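Engineer: Have a look at this one.
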Amino acid sequence: MTDSPFQILNNKTMDRRDAMTTLGGMLAAGLGVLQTSCSPLASAAEKEKAQLDWQAYFQQNFQLMTDTEKDATVRRLERSYELNTGNRIDVSAQGPRKDVLYGYAFNVSKCRGYMDCVKACIEENNQDRASGMAYIRIHENKKGSMDFEEANDDFFHQVPAAGHFYMGTQCFHCQNPPCVDVCPVKATWMEPDGIVVVDYNWCIGCRYCMAACPYDARRFNWADPVVPIEEVNPNQHYLGNRLRKKGVVEKCTFCIQRSRDGKNPACVEACPTGARVFGNLLDPNSEIRWILANKKVFRLKEDLGTEPKFWYYMD
Amino acid sequence: MRTLRAFFNDALREATQGSTAYHAWMGVLTFLMCCGAWAYSVQLREGLIVTGLHDHVSWGFYISNFTFLVGVAAAAVILVMPTYVLKDHDFHSAVLIGEAMAVAALIMAISFVVVDVGGPARLWHLLPVVGRINFPRSLLAWDILVLNGYLALNVGVPFYLLYSHWQGREADKRYYVPVVLLSIAWAVSLHLVTAFLYAGLPARPFWNSSLLGPRFLATAFTAGPALMILVLTLIRRFGGYPVAHETIQKLSVVVTVAAQICVVMTISELFVEFYRNTHHGQSARYLFFGIGEKRALVPWIWSSIALIATATGLLTLHHLRAKKAVLYSACVMLFVGILIEKGIGTIIPGFIPEPWGKIHEYSPTWVELTVALGIWALGAFVFTVLAKVAIPIEMGLLREANSALHSTVSPTPQPAANPAAPTPE
Amino acid sequence: MRLTLLAAILLLTACANHEATPHRSLLATLEQSGTSDGPPPMQVDPRIPQMTKYPCARCHEKPLTALKQTKPAAHWEIKLQHAPATFTECKTCHSETPTESLRLMNGKEVSFNNSYELCAQCHSRQAADWRGGAHGKRTSGWAAERKVLSCTGCHSPHQPRLNPRWPAMSRTHSEETP
């Protein structure tokens, strides 16, 4: 428990100069920076840590970085994690592939509410375990209605329940995303391959994007996120599942660390019923394009003009 | 340069001196500010988890206060406009007080935004050149610009006026009148932009209405002048500042008309929300009647409606409005009513139900309440200091000619050398 | 007045989308990328490596009538719950004289690895969806050649209906086991 700055200022035994020095030191500690870098007693590792934090604080918006800067940034993240935990992670800054636009389809007839996708998503994306954060919501609808208000998104019984069907929602990676428009600092944007991403180092945490999203796709780190060290997924992407700090917004990135590697997102891989389909919308021979061409599809809240790249279909 | 320093020295001395009551008042405000700062330090350490906010209601008490205070700030024009555009000099004496109130309200509004963000240390990302502001696409970027611009205007004009008066000369109209006209347009756009911030979100049907902007203006022009009437009365009583009776009377007409417009707009919104039982009206249904067991906002909105309706009724009748006791109590009722309506009845229900129809309620925690109290104390502190300096200058009591510092270069202020300082009470 | 007008014009600029993607262009973009020339190519997960009683000839040396006299009985655990019992029996899919393969209705033999051809006789709609990618479980990524499980990868051919189970977690009682 540290003293509050006011107690220090009021402490009569300390002279003004000392008090100001302590206060300055505490402010720096608040940024996790200067205190260690200036102290002669700090170890080399601590100095390096403080230096990395300092560089991270002043780093540029990711979208404006050159490839060299991007590389230096992810190396810094890896080093910082190693210094803090002794473990190694692999952070990628892999860019988009050419002529790729990701799209997603969800088979309403096939989803049975198993929640395997939600579990896989949390584990893959290093989501905060303490608050029970989840990007995906599975809604248990009564047959005869698709009114989400009436649906149950917190069920725990044998599934599928008689007389019910299931629908998953998550970030739809709108082609015309309202969340991107409202961000005051351009900390969130749509990548050329259609993935809506957040630069967690640039986000100021104003949460305007959460208010603007009509799909409840965005999550905020209300406290420092907790991921048990043995559960941390070490294969990370700067714009994806790397570890977040408190006070920033995060969201589904179609598992950018996997999808840009040619893999399917964790939810698609985990789904045992094959209700989830992922692919390249610009490839006419992809499964997603076959579904759009051959099944009757729909999107949610199409009237808002958001152009989700996430379609629902039925058998 | 030296004159400028002498001016600030005079102002500082004026602000730091006063009766025991003044010091006690400032002491209380300082204490409250410290409490707020301490609560904020808790929030900085733990994160926004210590607030009542969550992923479903992601803006709450802070942003509600911000919205309300932007309205109060915008309402300062209601005093400026008649004086400079309509050449109606009944308002003249109140202009500087109005602008001081705008400055205080703006500082509070900006503080409420700062305490709401998750990464205040990263706010430099908003700066031009080094940061990356999303202008003109993001309405929040707009709001930040208009807020700071309006603050600059409202600091600049009164500073020029006071500085001229302090030097014992008339301010040059060619310099300040164009700026005043700009600030009038600015004030209207300030509150409209703040309304567009919400109204531009189709994700939140409760806000996504073209009436939101006009309603914001109407409530601002009710609550702002209502507060002004109360403040002017207090200043006349305790500050010894002569405020013309006509000023208060004219302000009361403004309040009355604005309150009537508010009521009309509220009725037309309610009609649309309730005539047909659509999903669009779910937030209003939750706000006014509650949905199932979830009815946290119901008592608040009905007390707000009762306060606003009663006060509007009282003010509408001429003979009642003329009675001071009725006027003052109606102003208090309107101010509180609109504070509740803007604070609890506008921002929070926009998030309830959440986009998939679930109801997750919200109520502020002690941290939010303490931080808010601290910021309100900060506003009152700023306003008191500004008024404390402005009043003696405007009354001709504080002049460069009397300045203790002008002849002697010594920067140590001599309390005894300022015979002009008025002693309240 | 002029100032107000200026402010209004400025505000209108916020409505102009400066991004390169115009509104409502998504489907047009997809159309521009060309049209498909048939279902996406795919590779089906082979069935035979997973079969425990294969090859059939290990037991089925004698004719079925003769085998039926021997003890212990084989395949006794199989309970056929697939379409009305009046319609299906072993030989609807299996040949009476086993030849390491399945038998279509027209008498043609089909390898166990291609069992989907047999299923498609009745389930033609599901088969079309499966070929297209709307039905079935993919095991490869989106970029590599498509690999899918065969029908029998998920559905037991004798009891194709999937049974209810407990979900992996729930939103608030996370990780709780029943």
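Protein chains in written order, with my numbering: chain C, 1 to 315; chain Z, 1001 to 1425; chain E, 2001 to 2178.
Using N, Cα and C, we set each Cβ at its ideal position, and we do this for glycine too.
What you are looking at is a predicted structure, and each value in this text was computed from that prediction instead of being measured.
1) If residue 291 of chain C sits next to residue 2133 of chain E, beta carbons under 8 Å apart, how far is it from one beta carbon to the other, in whole angstroms?
2) Apart from the five residues just before and just after residue 1104 of chain Z, which ones in its own chain have a Cβ nearer than 6 Å to its Cβ?
3) Do you know offhand how far residue 97 of chain C's Cα is from residue 260 of chain C's?
4) Here's the rule: buried if 16 or more other CB atoms are within 10 angstroms of the residue's CB, otherwise exposed. What is residue 2037 of chain E?
5) If you pair each beta-carbon of the stretch 151 to 158 of chain C with each one of the stretch 261 to 268 of chain C, do three or more pairs fall below 8 Å?
6) Taking the straight line between their C-alpha atoms, what separation do you get for residue 1055 of chain Z and residue 1183 of chain Z?
7) Tell me, please, whether the CB atom of residue 235 of chain C is closer than 8 Å to any CB atom in chain Z?
8) Below 8 Å, how does it come out for the stretch 1207 to 1227 of chain Z and the stretch 1179 to 1197 of chain Z: are there three or more Cβ pairs, yes or no?
9) Let's see if you can read the secondary structure: which residues bound the alpha helix (DSSP H) around residue 1190 of chain Z?
10) Relative to chain C, which residues along the stretch 1020 to 1050 of chain Z have a C-beta separation below 8 Å, given in chain order?
11) Taking a cut of 8 Å between CB atoms, which residues from the stretch 2153 to 2167 of chain E lie near chain C?
12) How would you write the range of the beta strand (DSSP E) that residue 54 of chain C sits in, first residue to last?
13) Any idea what DSSP makes of residue 248 of chain C, helix, strand or coil?
14) Does the distance from the CB of residue 71 of chain C to the CB of residue 221 of chain C come in under 8 Å?
15) Comparing C-alpha positions only, which one of C:184, C:252, C:273 sits nearest to residue 1140 of chain Z?
16) Note down, in chain order, each residue of its chain lying with its Cβ closer than 7 Å to the Cβ of residue 159 of chain C, except the 5 sequence neighbours on either side.
17) Bridge partners for residue 2102 of chain E per DSSP, in chain order?
18) Which term fits residue 1254 of chain Z, buried or exposed, when burial requires 16 or more other beta carbons within 10 angstroms of its beta carbon?
19) From which residue to which residue does the beta strand (DSSP E) around residue 319 of chain C run?
20) Among residues of its own chain, excluding the 5 on either side of residue 1067 of chain Z, which ones have a beta-carbon nearer than 7 Å to its beta-carbon?
21) Does any CB atom of chain C fall closer than 8 Å to the CB of residue 2135 of chain E?
22) Residues in the stretch 2040 to 2051 of chain E with C-beta within 8 Å of chain C's C-beta atoms, listed in sequence order?
23) At least one CB of chain C closer than 8 Å to the CB of residue 1103 of chain Z: is that the case?
24) Among the residues of its own chain, which have a CB less than 6 Å from the CB of residue 21 of chain C, if the five just before and after it don't count?
25) Drop a sphere of 10 angstroms on the beta-carbon of residue 1271 of chain Z, count the other beta-carbons inside from all chains shown, and report buried for 16 or more, exposed for fewer.
26) Please state the DSSP three-state secondary structure of residue 1125 of chain Z.
27) Under the three-state reduction of DSSP, which class applies to residue 188 of chain C: helix, strand or coil?
28) Grouping DSSP H, G and I as helix and E and B as strand, with all else coil, what is residue 28 of chain C?
29) Would you say residue 1349 of chain Z lies against chain C (beta-carbon separation less than 8 Å)?
30) Could you tell me the boundaries of the beta strand (DSSP E) in which residue 90 of chain C lies?
31) Chain C beta carbons: is any one of them nearer than 8 Å to that of residue 1054 of chain Z?
32) By the 9 Å beta-carbon criterion, what residues does the stretch 115 to 130 of chain C contribute toward chain E?
33) With a CB to CB cut of under 6 Å and the five nearest residues on each side skipped, what residues in its chain are close to residue 1204 of chain Z?
34) If you pair each beta-carbon of the stretch 2040 to 2060 of chain E with each one of the stretch 2097 to 2111 of chain E, do three or more pairs fall below 8 Å?
35) With residue 1150 of chain Z and residue 1096 of chain Z assumed to form a contact (beta carbons below 8 Å), what rounded beta-carbon distance in angstroms separates them?
36) Name the one or two DSSP bridge partners that residue 152 of chain C has.
Structural biologist: Taking the geometry as given:
1) The residue given as residue 291 of chain C occupies position 291 in the first sequence. The residue given as residue 2133 of chain E occupies position 133 in the third sequence. Residue 291 of chain C to residue 2133 of chain E, Cβ: 6 Å. Contact.
2) If you number the second sequence from 1, residue 1104 of chain Z lands on position 104. Within the same chain, residue 1104 of chain Z has close Cβ partners 1379, 1382, 1383.
3) The residue given as residue 97 of chain C occupies position 97 in the first sequence. The residue given as residue 260 of chain C occupies position 260 in the first sequence. Linking residue 97 of chain C to residue 260 of chain C through their CA atoms gives a straight-line distance of about 7 Å.
4) Residue 2037 of chain E sits at position 37 when you count from the first residue of the third sequence. Exposed.
5) Taking one beta carbon from each stretch, the stretch 151 to 158 of chain C and the stretch 261 to 268 of chain C have fewer than 3 pairs nearer than 8 Å; the two do not touch.
6) Within the second sequence, residue 1055 of chain Z is the residue found at index 55, counting from 1. Within the second sequence, residue 1183 of chain Z is the residue found at index 183, counting from 1. Each residue's Cα considered, the two are about 37 Å apart.
7) Here residue 235 of chain C corresponds to residue number 235 of the first sequence, with the count starting at 1. No, residue 235 of chain C does not count as interfacial toward chain Z.
8) Segments in contact, yes.
9) Locating residue 1190 of chain Z in the second sequence gives position 190, counting from the first residue. That run of the alpha helix (DSSP H) goes 1173 to 1199.
10) Answer in chain order: 1034, 1037, 1038, 1041, 1044, 1046, 1047, 1048, 1049.
11) Within the stretch 2153 to 2167 of chain E, 2154, 2162, 2164, 2165, 2166, 2167 place their CB atoms closer than 8 Å to a CB of chain C, listed in sequence order.
12) Within the first sequence, the letter at position 54 stands for residue 54 of chain C. Note, residue 54 of chain C: premise wrong, no beta strand (DSSP E); alpha helix (DSSP H) at 44 to 57.
13) Your numbering for residue 248 of chain C matches position 248 in the first sequence. Of the three classes helix, strand and coil, the one that applies to residue 248 of chain C here is coil, per DSSP.
14) Translated into the one-based positions of the first sequence, residue 71 of chain C becomes position 71. Translated into the one-based positions of the first sequence, residue 221 of chain C becomes position 221. No, they are not a contact pair.
15) Here residue 1140 of chain Z corresponds to residue number 140 of the second sequence, with the count starting at 1. Nearest of C:184, C:252, C:273 to residue 1140 of chain Z, Cα basis: C:184.
16) Translated into the one-based positions of the first sequence, residue 159 of chain C becomes position 159. If we look at residue 159 of chain C and ignore the five residues flanking it on each side, its Cβ neighbours are 112, 113, 114.
17) Looking up residue 2102 of chain E in the third sequence gives position 102. E:2094, E:2110, per the DSSP bridge assignment.
18) Sequence index remark: in the second sequence, residue 1254 of chain Z carries index 254 (1-based). Under this definition residue 1254 of chain Z is a buried residue.
19) No answer is possible for residue 319 of chain C: the residues shown for chain C start at 1 and end at 315.
20) In the second sequence, the residue the question calls residue 1067 of chain Z occupies position 67. Here the set comprises 1194, 1342, 1346, 1347.
21) Walking along the third sequence from the start, residue 2135 of chain E turns up at place 135. Judged by the 8 Å Cβ criterion, residue 2135 of chain E is in contact with chain C.
22) Shown in chain order are the members of the stretch 2040 to 2051 of chain E whose Cβ falls below 8 Å from a Cβ of chain C: 2040, 2041.
23) What you label residue 1103 of chain Z is simply residue 103 of the second sequence in a count that begins at 1. So, not an interface residue.
24) Taking the first sequence and counting its residues from 1, one reaches residue 21 of chain C at position 21. Here the model assigns residue 21 of chain C a pLDDT of 45, short of 50, so the residue's position is not dependable, and the following value carries that caveat. Hits under 6 Å: none found.
25) As a working note, residue 1271 of chain Z is residue 271 in the second sequence. A residue is called buried when at least 16 other Cβ atoms come within 10 angstroms of its Cβ; residue 1271 of chain Z does not meet this threshold and is exposed.
26) If you number the second sequence from 1, residue 1125 of chain Z lands on position 125. In the three-state reduction of the DSSP assignment, residue 1125 of chain Z falls in the helix class, which pools H, G and I.
27) Start at 1 with the first residue of the first sequence, and residue 188 of chain C comes out as number 188. Residue 188 of chain C: strand per DSSP, three-state reduction.
28) The sequence position of residue 28 of chain C within the first sequence is 28, counting from 1. Confidence in residue 28 of chain C is poor, its pLDDT being 48 and thus under 50, which makes the residue's placement too unreliable to answer from.
29) Taking the first residue of the second sequence as position 1, residue 1349 of chain Z is located at position 349. Chain C contact via Cβ: absent.
30) For this step, residue 90 of chain C is matched to residue 90 along the first sequence. Run containing residue 90 of chain C: 90 to 92, per the beta strand (DSSP E) assignment.
31) Along the second sequence, read from residue 1 onward, the residue named residue 1054 of chain Z stands at position 54. Yes, contact with chain C.
32) Cβ contacts with chain E come from 115, 116, 117, 118, 119, 120, 122, 129.
33) Reading the second sequence from its first residue, position 204 is the one you call residue 1204 of chain Z. Closer than 6 Å at the Cβ level, and outside the excluded window around residue 1204 of chain Z, lie 1350.
34) The stretch 2040 to 2060 of chain E, when compared against the stretch 2097 to 2111 of chain E, does touch it at the 8 Å Cβ threshold.
35) On the second sequence, residue 1150 of chain Z is found 150 positions in, with the first residue counted as 1. On the second sequence, residue 1096 of chain Z is found 96 positions in, with the first residue counted as 1. Residue 1150 of chain Z to residue 1096 of chain Z, Cβ: 16 Å. No contact.
36) Here residue 152 of chain C refers to the residue found at position 152 when the first sequence is read from its first residue. Answer is C:140, bridged to residue 152 of chain C.
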